[in-house]
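Protein chains in written order, with the numbering used here: chain A, 19 to 175; chain B, 19 to 175. For reference, the structure discussed in these notes is given below.
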DNA sequence: CAGTCAATCGAGACCGAGTCTCATTATCAA
DNA sequence: TTGATAATGAGACTCGGTCTCGATTGACTG
C-alpha cells in the first residue's frame, strides 16, 4: 500500500465531522488514515483489514458506519459494478467526473473522463424527464491482455 | 400482469433447451410461460411468486437455476442497478441494444436507445484496450415527477 | 481535572439475495 | 417399460451488509 500525502483530504473530513457535531474517535482516525493513505480502490472488507493493522480495535461495524460518512463528505466515491460487494475510490475529490470500465474476467478497473459522454448523457436524461444525480457508465469488457492470455482470472495487470 | 403473445420467444427457449440436451419439465414450463407472459421487468422473487400461481410446486431453487438459462439463451436480459437484487427484462430479444435510466428515489426505469452513445462507448473502450462484451449506462437520476412531488418513494408512475 | 452524558464503540445476532447439497422424482431415448 | 441421469424441493448455508444493546469514551462544563 503506497502512502500518499493526502493530508488535505484528511483535514477536510475532520472538518466535516466537526461541522456535523460528530466525534473524532481513535477508530475513525485509524480508518481515515487508512483511506487517505492509499491510492487504490478498496472494498469494505479490505478497509477493515488495513485499518486493523493500525488499530486492532477497529470493528467491522465501525467501518460500515464510517463509509457512508466518507461518501457523504464527497471525498470518497462509492461504486457498484454488479459484483456482490461495493468498491470505494479514495481519490475522488481530485477527479470527480470520471467513468469506469471494468473487465468482467479479471476485475481490472480503468478510469476515464469524457466531456462528450457527459454531455450526451445529460442530453438524453433531460429529454426523458430525468435530472442526472450521478452517472456511471459501466462497460463490461474483456481487456486486451486477457484476449492474449486466453484467460486472466485475478491476474495482476 | 398483461399476457402478450410471446409464443416465438417461448419456442426459441424450448429449442435452446433441446439443443443443450436439457429437459423440458413442468416447472420450467411454468416459469417460461410466466416470463414470456409479461412485458414487465421483474426480480427473481417476483418470478417465483408469479410462477407459483401457475404451478405451486415451483421452488426458489428452480427459479434461480432457470434464470441463467434464460439469460444465456439471449431472450431475457439481466440488469443490476446497484440495488441488492437483480432485475430481468423478458422483452430483450425485441430491442437488444437499449440502455436504462433509473430514478434513485422511486425505482422507475426508463429504456432508451442511442446509436451515438453506443459508438462513443465503443470508441472509448477500444482506445483503452478493452473489447466491449456488454455495456450498461446507468444514470442514477431524479425523475421530473419526483421533483414536483418533492418525494416519490415507491410511487406508481 | 473530575463529572456528565450523548455519541460511539465492539460483539455478535440478524437480514436477505442467492447458492449448494442431497435424497427423491421425472424425463426421455432405447 | 425401463434405465441412466437430469432435475427437482427443502432447507442448510454463504456472504455482504445492518441492527441491537450494554459498555465505553470524547468533548464540553465547571
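Backbone N, C-alpha and C fix where the C-beta goes; we use that ideal spot for every residue, glycine too.
Within this structure, are the beta carbons of residue i and residue j separated by less than 9 Å?
i	j	result
residue 77 of chain A	residue 45 of chain A	yes
residue 106 of chain B	residue 95 of chain B	yes
residue 66 of chain A	residue 139 of chain B	no
residue 93 of chain B	residue 69 of chain B	no
residue 191 of chain A	residue 80 of chain A	Nothing can be reported for residue 191 of chain A: it is not among the residues displayed for chain A, which extend from 19 to 175.
residue 108 of chain A	residue 34 of chain A	no
residue 28 of chain B	residue 57 of chain B	no
residue 31 of chain B	residue 87 of chain B	yes
residue 144 of chain A	residue 131 of chain A	no
residue 103 of chain A	residue 63 of chain A	yes
residue 25 of chain A	residue 54 of chain A	yes
residue 100 of chain A	residue 98 of chain B	yes
residue 129 of chain A	residue 113 of chain A	yes
With a threshold of 9 Å between beta-carbons, can residue i be considered close to chain B, or not?
i	result
residue 60 of chain A	no
residue 11 of chain A	Residue 11 of chain A falls outside the range modelled here, since chain A spans only 19 to 175, and no answer is possible.
residue 53 of chain A	no
residue 81 of chain A	no
residue 76 of chain A	no
residue 174 of chain A	Residue confidence for residue 174 of chain A is low, a pLDDT of 38 falling below 50, so the modelled location carries little weight and cannot support an answer.
residue 169 of chain A	In this predicted model, residue 169 of chain A has a pLDDT of only 47, less than 50, meaning its place in the structure is not dependable enough to derive any value.
residue 34 of chain A	no
Counting C-beta neighbours from all protein chains within 10 Å, is the total for residue i 16 or more, i.e. buried, or is it exposed?
i	result
residue 169 of chain A	Note that residue 169 of chain A scores 47 on pLDDT, short of 50, meaning its location in the model is unreliable; the coordinates nonetheless yield the value given after this. Classification of residue 169 of chain A: exposed, given that the 10 Å Cβ count is below 16.
residue 174 of chain B	With a pLDDT of only 38 at residue 174 of chain B, under the threshold of 50, the placement of this residue in the model should not be trusted; the figure read from the coordinates follows. Flag for residue 174 of chain B reads exposed.
residue 40 of chain A	exposed
residue 120 of chain A	buried
residue 83 of chain B	exposed
residue 42 of chain B	exposed
residue 171 of chain A	Below a pLDDT of 50, predicted positions are generally treated as unreliable, and residue 171 of chain A, at 42, falls in that range; no measurement from the model is reported.
Between residue i and chain A, is any beta-carbon pair separated by less than 9 Å?
i	result
residue 42 of chain B	no
residue 1 of chain B	Because chain B in this structure spans residues 19 to 175, residue 1 of chain B falls outside the shown range and cannot be described.
residue 128 of chain B	yes
- Message: Taking beta-carbon pairs under 7 Å, can you tell me which members of the region 93 to 108 of chain B lie near chain A?
- Response: 98 and 100
- Which residues, in order along the region 131 to 152 of chain B, keep a beta-carbon less than 7 Å from a beta-carbon of chain A? Answer in chain order: 132, 134, 135, 138, 139, 142, 143, 146, 147, 148, 149, 150, 151 and 152.
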